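Notes follow the structure.
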Amino acid sequence: MKRSIPHWYQRLLLLLGLYAFLSVVIHAQVSFVQITDLHIFDDVHEPTDNRLDNKAALASCIDQINQRITDNNGVYDFVVITGDLGIEHFVNRNSEENTQSIDEKLRRGASDFASMLVLSKVRRWLFVPGNNDVPGEQPDKVKYYHLFIESLADEVRKSNEDFEIIDLCPKENTEASRQYDSRSGLFRIKEKSQYAFIGFDNTTFKNLDPEANVSAFRRGAVRRINANFELQKKHVAQITDLLKDVNITYAYIFYHIPEIDDPHLAALGEAEDSIKTRNADKTLTGDAYGRSAWFVNKEIRDQWRQVVNHPKVFGRFAGHFHDPRRTTYQNFAWMTSSETYLSDSLDELHVCPPLAQKFQETSTERARGFQDVHIDDRGMVSTRIFWLEGAGWNLSADRAAVEATSLKQLEMGLTYENLGRLKEAEAAYLKAAENDWQPTRQKALASLKRVVYEQDSVRERYLFGPMRAAWSVGITGFFALLPALLVVLGIYVYKWWRGRKDGKYQLKIGPIIDSPKGEAGAIFERVTTMMHGRMRTHYKRRNLIEGEPRLPMIASSQSEDVPTIIESFLPGGLGKLMALLLKRTESPKYSIVGVMRSDIFMRNRRIFLSLRAEGESLKNWSVDGNADESIGGHKKLAYEALIHVVRDINK
Amino acid sequence: MSVSEELLGGTKEYDVFELVTDALEYVDKYEKSKDKRLLKQARDRLKRTLKIDPRHFKGRYFQAMVYYLDGNTKDAIKQFNELLHEVESKPLANEISYNLAAAHSEARDWQQAINLFNKTINNTRHHPALNLLARAGLVKTHAEAKHSGAAEYVAEIVSEPEIEAHYVEIHRILSLNPFRWLLSLIRGKKRIDKKVREKVEELIADARAKEGLKFPASRRLPLMILIGIILLLLVVGIAALLFVSYGVRLQ
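Protein sequence lines correspond, in order, to chains A and B. With the working numbering, letter number 81 in the first sequence gets 81, and the count goes up by one each step, no holes. With the working numbering, letter number 123 in the second sequence gets 1123, and the count goes up by one each step, no holes.
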């Protein structure tokens, strides 16, 4: 007995196959916007006050983010502000001020800021502090930042319950540490929990000398390095601890001051006081970091390196700089000691340009903007900066050109795909994928994958492909033959019309069959034709202009040649088709057929002649005659038959 | 009785048919050679025809024609008059009327000729060829009458403006009308037969010469221009066809 696969097993296989065919692995992806250094509260230096301008830039930035969401039908998961709102402005660092007054100023500032944030379509805003949010960059003064963020959260909730303000550097449990402090916080998107966003408070990492103006060579900075060492070490260690969470696959760190060279310091010569001060403390900070924005103990930097090199860390986002040169933020080639930071994986560091006008008022080039960030399903980060130019926001020229080309190619690819021209679609999608902006690139790659699959699929290879090719050839052939077919059709219609019109005047002579020799019949046919010619002479138009009877035309004389000529003139099947159609149009109404019978001596002959009209007998003649008189007899008989036709035509 | 019946009448007899056909062939040859002996032969055949069948219509009609061609206008008029009274077909009656008018003109009976031509013109509004011949016959008769000194006499029958109107109408019919030309092309029928056209042109040229060229001449569109227009249309048509064909292939 033949064994067959069980029915349920076949069905299971089919379902598995269908699942494999239809299922598309949907990976989570994250998009967000980074804004930094807003300085909406503190950007005031006599005689310049940029605060209004900075607020206008923030409002415009929010509007641009909203516009992008509308235009691209996209979603940003959150907006992160990496410090320097300018909160320190609410606290007078040189005089004692009562707490109630500071709280009130912070609340008013938060309310003012909240009124702008609530206009955003993005309902989740993340914050880390900047050094200008902590008065005097003194660690315990971070409490004003916390107070501000709490007030901000309260204020936005008044307008919208769903609006989230998330402090990524919340306050530390001060009782345990016996000192007011912040700690690294962690944020995860509920449905994308493999991505972790960690805040890092490095507002003290400049280790600013509080009395630097007094003397260039004061050792205040060094004192700060040592004083803040433990705190800074703790903050870095907090990140390492958070990364131990097994649920985290990809981690991203938000902080204010980047660890790389400060462009301001990088531009200074060795003889400058600031550089001299720093060089004096090389043993403490490390040889290669004399121009770094971080002025920290080298142990902190070593500890940080472990964070940077951690396999879960895929990106770091910072701000702080106010350099007016855009290249400062686009690459790090400007650094004097870039090799020093290579091991720190500069590729994963993304420094956002400031939104504020601070320190750029007098420069011809300006670098103000926000960073559009996309994290793909493999955790890889791609960023692009939208620059504030006048009242608008633009990508850099080269990036805008690449993006425009990609979008155009995507559109072309889609058009080709819809037309079934998969090869062309593939080429267009491939071109569109030459873009390092991940969302566009992914869209192109997904489309590319689709068309490649389509081309390789069995149905495409063996069904749709050949069908399309056949259709294409058929259409081309049809339109190439169309003029010829139209001509053939035109001739056919004309001949059909003429045939209908003239057919009723046409006469077919023969066959006249005779026996036993077969000559007399042919002779009679010839005599009839001659008699027809005689009638033409008789009835031809002379002085009589109208009224002559219409004569029949002998069909055989003209109908057979025309299809033959057409067949030899038109090539191939077209000629045969035309000849066939023309033959069909020829249908004489009248015909003369007959039979002749001679006796054995060929002397007496009997003729039976039949005149037919449209297949029906019109008149019959049965004549006996002497063979010697046959021509005269034939003429009379032919005349009688023909005159009968003439009468019938003209009746 | 229809036209054809009248013309076919009596042709049941094969011998009659052969005799009339012979006579017609002699008349045809005469028209080419103008040899009067051929008319004699024709007359002989027709005489034999009418012996067999005295009422044979076509035989009698062509006998009248032969009389006319032979200059025997008296017998021609008599014969045509008899036929005119017998014939029932209106188109044939118009033709006989025209021939009778021509015979009267030949006999210098101007009044009869002009009246018959006028009658023919009035009865052939829808028969352009015969109408054209009748008009040409009328202007020719008018010119000859004037030329022969009967100007005052004919002026009472037909006025100069009427004659001029006939000239204008003749030119109008002879001139090219693209619509009518196309129509005749589609129908496969010539509106005005070439022989008729030539005959008319000959008649009016003769009449104009006798009138001292005071009436307008024909203004026919030169043939070369006509051929040029047709060629241009053909080229445009082929170009359009090629363009459409090439355009479709490009797509």
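Cβ atoms here follow ideal geometry from the backbone N, Cα and C, with glycine treated the same way. Here the structure is a predicted model, which is why all the values come from computation and not from measurement.
### Query
Along the stretch 522 to 539 of chain A, what residues have a CB closer than 9 Å to any CB found in chain B?
R534, M535, T537, H538, Y539
#### Entry: Selected residue, minimal CA-CA separation from Q303 of chain A, among A:V236, A:K190, A:Y505, A:A469
A:V236
### Query
Checking contacts by CB at 7 Å: is S557 of chain A closer than that to chain B?
Here S557 of chain A scores only 47 on pLDDT, less than 50, and its place in the model should not be relied on; the value that follows carries that caveat. S557 of chain A does not count as touching chain B.
#### Entry: Supposed contact pair P588 of chain A and A641 of chain A - C-beta distance, whole angstroms, cut 8 Å
Not really, about 14 Å apart at Cβ, beyond 8 Å.
### Query
Under 7 Å between C-beta atoms, does K312 of chain A make it to chain B?
no
### As assigned by DSSP and simplified to three states, the class of H256 of chain A
coil
### Message
Any beta carbon of chain A sitting closer than 7 Å to that of R1241 of chain B?
### Response
Per the sequence presented here, residue 1241 of chain B reads as Leu, with Arg not at that position. Interface residue, yes.
### Message
Short of 6 Å in beta carbon distance, which residues of its chain neighbour D262 of chain A, apart from the five on each side in sequence? Order them along the chain.
### Response
Within the same chain, D262 of chain A has close Cβ partners A293.
### Task
For T48 of chain A, collect the residues of the same chain with a Cβ closer than 7 Å to its Cβ; drop the 5 residues on either side in sequence, then sort them by chain order.
E361
### Message
I'd like the span of the alpha helix (DSSP H) that includes I165 of chain A, first residue to last.
### Response
Not the alpha helix (DSSP H): I165 of chain A falls in the beta strand (DSSP E), residues 164 to 167.
### Query
Which of the three DSSP states, helix, strand or coil, is assigned to V25 of chain A?
At V25 of chain A the pLDDT is 39, less than 50, meaning the model places this residue with poor confidence; the figure from the coordinates comes in the next sentence. Three-state result, V25 of chain A: coil.
### Query
Contact check, G1137 of chain B vs S1105 of chain B under 8 Å by CB: the rounded distance?
The C-beta distance from G1137 of chain B to S1105 of chain B rounds to 7 Å, short enough to meet the 8 Å contact threshold.
### Simplified DSSP state of A251 of chain A, which is helix, strand or coil
strand
### Query
Considering only the beta carbon of each residue, do L1130 of chain B and I1173 of chain B sit closer than 7 Å?
no
### Message
Any beta carbon from chain B within less than 7 Å of Y195 of chain A's own beta carbon?
### Response
no
#### Entry: Buried or exposed by the 16-neighbour rule on C-beta atoms within 10 Å, applied to Q179 of chain A
exposed
### Query
From the beta carbon of T1120 of chain B, is the nearest beta carbon of chain A less than 7 Å away?
Chain A contact via Cβ: absent.
### Task
Please name the residue, chosen from A:H256, A:A271, A:I275, that lies closest to L265 of chain A on a Cα-to-Cα basis.
A:I275
### Close-in-space but distant-in-sequence residues of the same chain around G632 of chain A (CB under 7 Å, 5 per side omitted)
none
### Query
Does the beta-carbon of H1126 of chain B have 16 or more other beta-carbons within 10 angstroms, so that it is buried, or is it exposed?
By the neighbour-count rule (16 or more Cβ atoms within 10 Å), H1126 of chain B is not buried but exposed.
### Query
If you count every other CB in all the chains shown that lies within 10 Å of the CB of V214 of chain A, and 16 or more means buried, which is it?
In this prediction, V214 of chain A scores a pLDDT of 49, lower than 50, which makes its location untrustworthy; the coordinate-derived value is nonetheless stated afterwards. Classification for V214 of chain A: exposed.
### Residue-chain proximity (Y341 of chain A, chain B), Cβ-Cβ < 7 Å
no
### Task
Can you tell me which of the three DSSP states Y76 of chain A falls into?
coil
### Task
Measure how close the beta-carbons of V79 of chain A and V122 of chain A come, nearest whole angstrom, since I'm counting them as under 8 Å.
5 Å
### Query
Taking DSSP as the reference, what is the three-state secondary structure of I1192 of chain B?
coil
### Own chain residues within Cβ distance below 8 Å of K508 of chain A, not counting five before or after
I554, A555, S556, P588, Y590, S591, I592
### Message
Assuming contact is defined by CB atoms lying nearer than 7 Å, are A356 of chain A and D77 of chain A in contact in what I supplied?
### Response
no
#### Entry: Euclidean distance between Cα positions of R368 of chain A and F479 of chain A
60 Å
### K171 of chain A in three-state terms, based on DSSP
strand
### Message
Count Cβ pairs between the stretch 1225 to 1242 of chain B and the stretch 1149 to 1169 of chain B that sit closer than 8 Å; are there 3 or more?
### Response
no
### Task
Taking only beta-carbon positions, decide if T1141 of chain B is within less than 7 Å of chain A.
No, no contact with chain A.
### Task
Taking only beta carbons into account, state which residues of the stretch 468 to 487 of chain A come closer than 8 Å to chain B, listed in chain order.
T476, F479, A480, L482, P483
### Task
Out of A:G615, A:N131, A:P549, point me to the one whose CA is closest to V142 of chain A's CA.
Considering only alpha carbons, the answer is A:N131.
### Query
Taking Cβ positions only, does Y639 of chain A come closer than 7 Å to chain B?
yes
### 6 Å Cβ shell around I166 of chain A - same chain, five flanking residues per side excluded
L126, F187
### Task
Tell me W334 of chain A's beta-bridge partners as DSSP assigns them.
Its beta-bridge partners do not exist; DSSP assigns none.
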